[in-house]
DNA sequence: CATGAATGAGTTTTCATTCAT
DNA sequence: AATGAATGAAAACTCATTCAT
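Residue numbers (our numbering), protein chains in the order written: chain X, 218 to 401; chain S, 218 to 401; chain Y, 218 to 401; chain U, 218 to 401.
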């Protein structure tokens with residue numbers, strides 16, 4: 218890849234992330250993205266087959282980057298220690314990219330079939346990581362509860378109430394304490 | 218003539234629910250709704266100011282009907298008994314209107330600011346009912362966990378995995394047992 | 218005509234005049250007129266074949282009423298005295314129905330072929346009256362000048378500048394003095 | 218390729234002028250204009266925000282071009298000579314663009330508030346030029362009469378009666394003679 | 001690669017008019 | 001006569017995508 222090729226696509230991706238985060242999938246126009254990126258309308262279609270394609274690529278990339286960050290965040294032998302770390306790293310990540318996450322976690326489900334699949338594949342990977350960290354099956358009630366707790370924290374306390382990270386950690390800790398009980 | 222054939226607004230609402238459930242907010246066209254209802258394009262605009270307005274009215278109605286069904290479902294003096302009943306009634310309702318709920322619970326967040334507000338106001342009413350049934354504050358970790366559990370069950374086991382109602386109840390029960398522990 | 222028939226049509230006419238005067242031909246909706254009149258949409262079509270027809274009837278009526286008022290305003294043997302009276306009565310009439318006149322004098326030309334014809338037939342009747350009052354042909358420069366003076370006064374000093382009637386009369390007098398010169 | 222084939226905006230403007238002249242503001246559809254221009258519907262909206270916007274731009278341009286032609290038509294030191302020249306040049310211009318002028322002089326008043334303002338600003342510029350050419354104030358009866366004479370000639374003898382230019386000049390001369398009297 | 005003008009199918013919305021009651 | 005719900009043909013405007021330069 219030539220340097221300039223790289224830069225142009227990166228510029229577009231950066232802008233796409235920004236605009237999608239602001240407006241959501243359905244309301245962002247390709248023209249918004251290219252204006253933000255400072256490139257011509259046609260340039261967009263050199264790098265992406267369509268608006269949908271661009272969104273899809275962004276989603277995949279973000280999901281992979283999240284999963285990787287999670288996997289690299291805990292090498293502790295103590296398994297249930299890892300669960301806590303995973304949850305905190307995940308929340309921290311979401312917190313950092315609040316607007317983006319809103320789109321990538323809550324909009325995917327309504328952006329078409331392809332996106333629904335992508336979304337649930339991500340959810341499954343996440344649950345598997347949680348499950349393995351406590352040596353349980355993916356459908357174990359403990360895993361279900363942790364997954365629900367995370368979703369609730371993100372939707373309600375990060376996106377809606379916009380609490381500070383410390384307050385959010387407290388809510389997480391109290392939740393995990395109840396779920397894990399003696400296991401901790 | 219049956220009731221549904223008689224009343225034009227009802228015919229449109231029925232069709233709108235059906236089409237929104239199938240296609241989601243962004244992909245349904247007013248022309249889809251009126252075709253389904255067997256009325257003229259202009260007729261839609263006699264009863265609704267716009268597609269958005271129609272969606273909003275449907276959402277409000279559905280939310281109110283859900284809340285009312287919940288409130289009428291438990292007169293038991295035993296509070297924590299009510300929690301279980303509420304959860305089951307709620308899940309049963311969602312289960313019954315699976316496709317619709319998908320749109321109304323997961324699409325609202327990405328259909329514009331008005332809808333986000335409506336969604337969270339519904340969420341709050343729901344959490345308040347849950348909280349009161351166990352005599353706790355809305356931000357008590359127990360309430361947070363129950364809310365997350367319900368969300369997880371709906372999103373994963375009803376919408377995605379499409380499990381049978383009994384299996385879903387089992388998951389709910391196991392979850393509640395862990396959350397409530399000795400309180401049961 | 219029965220009493221109630223009369224009343225309904227009159228109510229509609231009154232409202233039509235009001236709404237046309239406010240919004241002009243193209244921007245008034247039949248629904249505006251009937252709302253103003255307090256009758257049903259369909260009632261309009263009992264009395265008028267179409268919106269255009271209604272406008273046409275109003276125009277004709279108004280024109281006739283103007284012409285009649287003019288003709289009855291001067292029985293003086295002194296011809297050039299009549300010219301002055303005619304001009305003042307005409308201006309007074311226009312002044313009284315300012316908004317309406319704007320529509321009926323300046324909008325007709327752009328509301329379709331039928332209306333253009335009606336407008337010019339009115340103009341001709343008016344010029345004939347002016348011409349006869351000074352014993353001249355319709356194309357005599359004096360008549361041309363008087364007609365132009367009236368149009369200018371209406372358009373500029375009544376509609377645009379919104380002057381008081383006395384000021385307008387002064388302008389008229391000065392204009393007529395120049396046009397008629399020794400004839401006065 | 219000729220100039221007019223080359224430039225898309227010019228093609229649209231040319232077509233817009235033609236269609237507006239034929240049908241007037243309210244009856245021309247954007248689809249008429251683009252059909253005439255041989256471009257796609259969307260292309261229109263690259264160059265104009267709306268039909269109204271297009272009409273406004275055309276009006277402004279035409280007005281400016283008229284005013285400029287007038288201002289460049291007389292350098293004579295003899296002021297009242299200039300008045301005659303101005304009137305003839307103006308009438309000649311109108312005569313040349315008969316259909317267009319009908320729309321632009323008589324329709325503007327009924328095409329919305331913006332257009333009314335534009336129309337009267339043009340009228341004022343015109344009257345100022347006339348007034349200055351005879352060293353008088355804009356509200357001097359002489360100016361009022363000249364302005365009315367022009368309006369009458371255009372409306373009645375050009376647009377309605379469709380006389381030849383020479384006949385029209387005769388009417389103008391006779392009118393001016395009466396108005397200016399000894400000043401000539 | 002990059003451009004950006006051009007495309008045109010697609011969608012919402014309006015409103016004069018009809019007609020069964 | 002009166003109603004007003006229903007109609008459906010228009011019309012304006014949008015925007016993802018293409019393609020000649």
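Ideal placement from N, C-alpha and C gives every residue a C-beta, glycine not left out.
A quick note: this is a predicted structure, and the numbers were derived from the prediction, not measured.
Give every residue of the same chain whose Cβ lies closer than 6 Å to the Cβ of residue 305 of chain U, excluding the five residues on either side of it in the sequence, and list them in chain order.
Nothing meets the Cβ criterion.
Quick one: residues in its chain with C-beta nearer than 7 Å to the C-beta of residue 287 of chain U, no 5 flanking neighbours on either side, listed in chain order?
So the qualifying residues of the chain are 303, 306, 307 and 346.
Relative to the ligand NAD, is the shortest distance from any of its heavy atoms to the C-beta of residue 327 of chain U smaller than 7 Å?
Among the ligands in the structure shown, none appear at all, so the ligand NAD cannot be discussed.
Take residue 379 of chain Y and list the residues in its own chain whose beta-carbon comes closer than 6 Å to its own, dropping the five residues that flank it on each side.
Scanning its chain for C-beta atoms nearer than 6 Å, with the 5 sequence neighbours on each side dropped, one finds no residue around residue 379 of chain Y.
Taking the alpha helix (DSSP H) that residue 238 of chain U falls in, what are its first and last residues?
Residue 238 of chain U: member of the alpha helix (DSSP H) spanning 225-244, first to last residue.
Chain-order list of residues whose beta-carbon lies under 6 Å from that of residue 328 of chain Y (same chain, five-residue window excluded)
The residues 242, in chain order, have a CB closer than 6 Å to that of residue 328 of chain Y in the same chain once the five nearest residues on each side in sequence are set aside.
Could you pull the start and end residues of the alpha helix (DSSP H) that residue 263 of chain X belongs to?
Element bounds for residue 263 of chain X: 258-264.
If we require 4 or more residues per run, which alpha helix (DSSP H) segments fall completely within the region 267-296 of chain S?
Runs found: 268-288.
Can you pull out the residues from the region 220-243 of chain U whose beta carbon lies closer than 8 Å to at least one beta carbon of chain Y?
From the region 220-243 of chain U, only 241, 242 and 243 have a Cβ closer than 8 Å to chain Y.
With DSSP collapsed to three states, give me the class of residue 306 of chain X.
When secondary structure is reduced to three states using DSSP, residue 306 of chain X falls in the helix class.
Would you mind telling me which residues of chain X sit closer than 7 Å to residue 377 of chain S, beta carbon to beta carbon, in chain order?
Within chain X, the residues near residue 377 of chain S are 337.
Within 8 Å of any Cβ in chain X, is that where the Cβ of residue 366 of chain S sits?
Contact of residue 366 of chain S with chain X is assigned, a C-beta pair being separated by under 8 Å.
If you draw a straight line from the C-alpha of residue 248 of chain X to the C-alpha of residue 255 of chain X, how long is it?
Approximately 10 Å, taken between the alpha carbons.
Beta-carbon proximity check, residue 338 of chain X vs residue 369 of chain S, cutoff 8 Å:
Taking 8 Å as the Cβ cut-off, residue 338 of chain X and residue 369 of chain S do not qualify as a contacting pair.
What residues in its chain sit with their C-beta under 6 Å from that of residue 237 of chain Y, if we drop five residues either side in the sequence?
Once the five neighbours on either side are set aside, the close Cβ partners of residue 237 of chain Y are 245 and 320.
Chain-ordered neighbours of residue 203 of chain X on chain S, where CB pairs are closer than 8 Å:
Residue 203 of chain X lies beyond the residue range present for chain X, which begins at 218 and ends at 401; the question has no answer from this structure.
For residue 232 of chain S, is the classification buried or exposed, using 16 other Cβ atoms within 10 angstroms of its Cβ as the cut-off for buried?
It is buried - the Cβ of residue 232 of chain S has at least 16 other Cβ atoms within 10 Å.
What three-state label does DSSP hand residue 345 of chain X in the structure shown?
Annotated three-state conformation of residue 345 of chain X is helix, per DSSP.
May I have the straight-line CA-CA distance separating residue 264 of chain X from residue 361 of chain S, to the nearest angstrom?
Looking at the two C-alpha atoms, the distance is approximately 43 Å.
If you follow the alpha helix (DSSP H) that residue 396 of chain X is in, where does it begin and where does it stop?
Its alpha helix (DSSP H) spans residues 382-397.
For residue 282 of chain X, count the other beta carbons within 10 Å of its own beta carbon; 16 or more makes it buried, fewer makes it exposed. Which is it?
Residue 282 of chain X counts as exposed, since fewer than 16 other C-beta atoms from the protein chains shown sit within 10 angstroms of its C-beta.
For residue 383 of chain X and chain S, any beta-carbon pair shorter than 8 Å?
No Cβ of chain S is located within less than 8 Å of the beta carbon of residue 383 of chain X.
Could you give the first and the last residue of the continuous alpha helix (DSSP H) run that contains residue 254 of chain Y?
Its alpha helix (DSSP H) spans residues 247-254.
Minimum C-alpha distance to residue 371 of chain S - residue among S/388, S/356, S/355 and S/358:
Taking only the C-alpha atoms, the option nearest residue 371 of chain S is S/388.
Assign residue 413 of chain Y to one of three DSSP states: helix, strand, or coil.
Residue 413 of chain Y lies beyond the residue range present for chain Y, which begins at 218 and ends at 401; the question has no answer from this structure.
Which two residues bound the contiguous alpha helix (DSSP H) that contains residue 378 of chain S?
Per DSSP, residue 378 of chain S is not a residue of any alpha helix (DSSP H), being assigned neither H nor E.
Taking the alpha-carbon positions, what's the residue 359 of chain Y to residue 298 of chain Y distance?
Here the alpha carbon of residue 359 of chain Y sits roughly 15 Å from the alpha carbon of residue 298 of chain Y.
On the three-state DSSP scale, how would you describe residue 336 of chain Y?
Of the three classes helix, strand and coil, the one that applies to residue 336 of chain Y here is helix, per DSSP.
Using a C-beta to C-beta distance shorter than 7 Å, which residues of chain Y count as neighbours of residue 392 of chain U?
Ordered by position in chain Y, the residues that pass the 7 Å Cβ test against residue 392 of chain U are 358, 361 and 362.
With distances taken from CA atoms, which of Y/335, Y/394, Y/333 and Y/311 is nearest residue 373 of chain Y?
Ranked by how close their Cα comes to the Cα of residue 373 of chain Y, the residues Y/335, Y/394, Y/333 and Y/311 have Y/311 in first place.
Taking the Cβ atom as the reference point for each residue, do residue 315 of chain Y and residue 376 of chain Y lie within a distance shorter than 8 Å?
Against a cut-off of 8 Å, the Cβ pair of residue 376 of chain Y and residue 315 of chain Y comes out as a contact.
List the residues of chain U that residue 308 of chain Y touches, going by C-beta distances under 8 Å, in chain order.
Going along chain U, no residue has its Cβ under 8 Å from residue 308 of chain Y, so there is no contact; the nearest lies around 13 Å.
Applying a beta-carbon distance threshold of less than 9 Å, which residues of chain Y neighbour residue 388 of chain U?
Within chain Y, the residues near residue 388 of chain U are 356, 358 and 361.
Closer than 8 Å to chain S by CB, residue 269 of chain X
Not an interface residue.
Counting only beta-carbon separations shorter than 8 Å, does residue 369 of chain U have a partner in chain Y?
Yes, residue 369 of chain U lies at the interface with chain Y (some Cβ there is under 8 Å from its Cβ).
Excluding the five sequence neighbours on either side, which residues of its own chain have a C-beta within less than 7 Å of the C-beta of residue 290 of chain X, listed in chain order?
If we look at residue 290 of chain X and ignore the five residues flanking it on each side, its Cβ neighbours are 302, 303 and 306.
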